[in-house]
Amino acid sequence: MTTKVFLTEEEMPRSWYNLAADLPSPPLPPLGPDGNPITPDMLAPVFPMNLIEQEVSTERWIDIPVGILEMLHRWRPSPLHRAVHLEKALGTPAKIYFKNESLSPAGSHKPNTAVAQAWYNKEFGIKRLTTETGAGQWGSALSFACSLLGMECKVFMVRISFDQKPFRKVMMQTWGGECVASPSSETNIGREILEKMPDTPGSLGIAISEAVEAAVSDESGQTRYSLGSVLNHVMLHQTIIGQEAKMQLAKFGEKKVDSVIACAGGGSNFAGLAFPFVNDKINGADIDIIPVEPASCPTLTRAPYAYDHGDVARMTPLLAMYSLGHGFIPPAIHAGGLRYHGMSPLVSQTVAEGLCNPRSINQLECYKAAVTFARTEGIIPAPETSHAIAAVIQEAEKAREEGVEKTILFGFSGHGLMDLKGYQLYFANELKDHELSEEDLIASLESIKDLPQIPHR
Ligand SMILES: Cc1ncc(COP(=O)(O)O)c(C=O)c1O
């Protein structure tokens, strides 16, 4: 039985797929402080113009420059596996496929956009990038990409992950990147937060504020900020995942997929796998598309669809997205990459328009699923990825109870070899579930109540 399908480098997609071209209603524009849509030049101190053009593009296909394809060839195309051993252990009639993004140099899907963003910045004459990182996957990915292009990279890593995953910093250093814990004393916003909350575990919202401040305060004009998720151009760069998966499913002989499942933090891993299938769904295909998030940070499942800032210091424009409030500091769960208050506007729109059905799962169920996966398929998943696996197991068990044969595809977004602290605590029974209480949710949403509302459409 075939359990893996590879593609050749020649078969790799040559264009990125832009879902903005096909959504039933046009994407809502980001708003400036005055409540009016921002113009591209307002973003120019933060991003290079070539990426800003991609951000606002509604072209369906955008060619991948050869220079980026050559960098992607270092690890792509990634294999599509059939998880036969997991299927057998679950006794399910479901067929389970997973797209393995853990084989990239940094260990996840993140380098797919890191090499693209670094390349466009370099084309624009930028010498140094600043960024945030949650789990450390994104900071490693951007450090790797900058090292390929001879650029400098500065990473603000959320404090809790910095402490939980010390070797991520060493990976970044190995690729020439510089990593500090956030909040740090290097920025105004970092110092302000440290004064008020010296023991804060940090959040992606804080780290983004620090990285943006560090970029725009460089008077040489040679530094820009790079975001590892959320924005439209990041979703775009990840769509090679879903495009490859489609070709590989066809090589497995599959004509139809019933469920597409991926974890969602800022949304890029989910978008990368799912958007090409969302297109099929818009064109009439019957597919259940499921983004999975932690119950402790339930952006898509419990937050309102609203305009909010992407960061704590409100430096970013207002984005139309599901948001728990920009000041939300999620509990210190181990899936650091899923601890974000907001969600990609494009992913948010697919949920608001009923194209995707989000689900939240608690961390203990996720670790149990991760261990089942490691003991059957062999690869130790990242804590973020384990959310997708837990949802896959729920679906596969449902298929067993109902006696239906179905085809499930999921995104194996990264390995967990740098995340073993969480496994250690899990085996010692020291991990807890954290469900967000209604009172905490209401308190957090205070920060968005006076912001512009999303218009009814
Ligand atoms: C392994 C892994 N999977 C998924 C995610 C979620 O990120 P996003 O939703 O932005 O793709 C992350 C983020 O750090 C990650 O490291």
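Converting from the sequence shown to our numbering requires adding 665 to each position, the first position being numbered 1. No residue lacks a Cβ here, since even glycine has one placed at the ideal position from N, Cα and C. Because the structure is a prediction, the values reported are computed rather than measured.
In this structure, Leu1003 has its CB closer than 7 Å to one or more heavy atoms of ligand 1.
Taking the Cβ of Phe935 as the reference point, at least one heavy atom of ligand 1 falls within a distance shorter than 7 Å.
Inter-residue distance for Ile926 and Gly801 is about 23 Å (C-alpha atoms, whole angstroms). With a cut-off of 7 Å, the C-beta of Cys1021 is classified as distant from ligand 1, since no heavy atom of the ligand falls inside that distance. For the pair Gly1007 and Met986, the CB atoms are nearer than the 8 Å cut-off. One Cα belongs to Glu843, the other to Leu989, and the distance between them is close to 30 Å. Using a Cβ distance threshold of 8 Å, Glu958 and Pro1023 count as a contacting pair. Taking 8 Å as the upper bound for CB-CB distance, Gly790 and Val823 are not in contact here, some 30 Å apart. Residue Leu807 holds the alpha-carbon nearest to the alpha-carbon of Lys819 among Ala686, Lys830, Ala997, Leu807. The alpha helix (DSSP H) runs of length 4 or more contained entirely in the region 1018-1053 are, from start to end of the chain, 1028-1041. Closest in C-alpha terms to Ile729, from the list Tyr682, Lys1071, Asp699, Ser882, comes Tyr682. Asp1084 sits in coil when the DSSP states are folded into three classes, being neither helix nor strand.
Annotation for Gln782 indicates a beta carbon at 7 Å or more from all heavy atoms of ligand 1.
Met714 counts as exposed, since fewer than 16 other beta carbons sit within 10 angstroms of its beta carbon. In this model, Ala1064 and Tyr762 are separated by some 15 Å (Cα to Cα). Excluding its 5 nearest sequence neighbours in each direction, Leu901 has C-beta neighbours in its own chain below 7 Å: Trp681, Asn683, Gln719, Ile727, listed in chain order.
Three or more pairs of CB atoms, one per stretch, sit closer than 8 Å, so the region 910-927 contacts the region 936-943. The distance from the Cβ of Leu751 to that of Glu1066 is about 17 Å, inconsistent with a contact at the 8 Å cut-off.
Not one heavy atom of ligand 1 falls within 7 Å of the beta-carbon of Gly790. With respect to the C-alpha of Phe1092, the residue from Phe832, Phe1038, Leu1029, Glu676 having the closest C-alpha is Leu1029.
Note that the C-beta distance between Val922 and Ile952 is below 8 Å. Judged by DSSP in its simplified three-state form, Trp740 adopts coil rather than helix or strand. DSSP, read as helix, strand or coil, puts Ser894 in coil. DSSP, reduced to helix, strand and coil, places Lys861 within a helical segment of the structure shown. Under the 10 Å beta carbon count, Asn934 is surrounded by 16 or more other beta carbons and is classified as buried. For Pro705, the CB contacts under 6 Å within the same chain, skipping 5 residues up- and downstream, are Ile717 in chain order. Under the DSSP assignment, Cys962 falls outside any beta strand (DSSP E); it carries neither an H nor an E label. For Lys946, the secondary structure class from DSSP, reduced to helix, strand or coil, is helix.
Set against 7 Å, the gap from the CB of Gly697 to the closest heavy atom of ligand 1 is not smaller. His898 has its alpha-carbon roughly 25 Å from the corresponding atom of Ser924. Here Phe917 has Thr667, Val670, Leu745, Arg747, Tyr762 as same chain residues with Cβ atoms under 8 Å from its own Cβ, once five neighbours each way along the sequence are excluded. Looking at the DSSP output, Trp726 bridges to Tyr682. Residue state for Glu817 is assigned as strand, using DSSP reduced to three classes. Per DSSP, Arg824 lies in no beta strand (DSSP E) segment; the continuous alpha helix (DSSP H) that holds it begins and ends at 824-829. Within the chosen limit of 7 Å, ligand 1 does not reach the beta carbon of Trp740 with any heavy atom. Of the heavy atoms belonging to ligand 1, at least one sits nearer than 7 Å to the Cβ of Glu1049.
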